[in-house]
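Residue numbers (this note's numbering): 16 to 96.
As structure tokens, the structure follows; a few thoughts come after it.
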């Protein structure tokens, strides 16, 4: 499973941080940070989700009020949002 996070879209509600420790607060920027995320496009960060964290990653994506987080299965099919 892969997660993509669009930092530019993020409005800093930090609901993703509450759902999964794969996200952290960047209070100075007022945005979340995808831990161990690699920047692929301008302000879009990607990382693989460990199997034991898949449910939490899905909750983090669903909790985002602006849909800045997208989850894909191993075949590249979009699961969330």
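Backbone N, C-alpha and C define an ideal beta-carbon position, used for all residues, glycine too.
What is the C-beta distance between residue i and residue j, in whole angstroms, given that I count them as a contact (C-beta under 8 Å)?
i: residue 64; j: residue 52; result: Between residue 52 and residue 64 the Cβ distance is about 11 Å, and since that is not below 8 Å, they are no contact.
Please tell me whether residue i and residue j are closer than 9 Å, where the distance is taken between their beta carbons.
i: residue 97; j: residue 59; result: Since the displayed the chain opens at 16 and closes at 96, residue 97 lies outside it and no answer follows.
i: residue 56; j: residue 47; result: no
i: residue 24; j: residue 83; result: yes
i: residue 49; j: residue 73; result: no
Can you give me the C-alpha to C-alpha distance between residue i and residue j, rounded to a whole angstrom?
i: residue 27; j: residue 90; result: 30 Å
i: residue 86; j: residue 22; result: 15 Å
i: residue 78; j: residue 31; result: 6 Å
i: residue 35; j: residue 54; result: 19 Å
i: residue 67; j: residue 16; result: 11 Å
i: residue 38; j: residue 96; result: 17 Å
Helix, strand or coil for residue i per DSSP?
i: residue 48; result: strand
i: residue 34; result: helix
Worksheet item: Which runs of the beta strand (DSSP E), 3 residues or longer, sit entirely within the segment 58-96?
Response: If we require 3 residues or more, the beta strand (DSSP E) runs fully inside the segment 58-96 come out as 59-63, 84-87 and 93-95.
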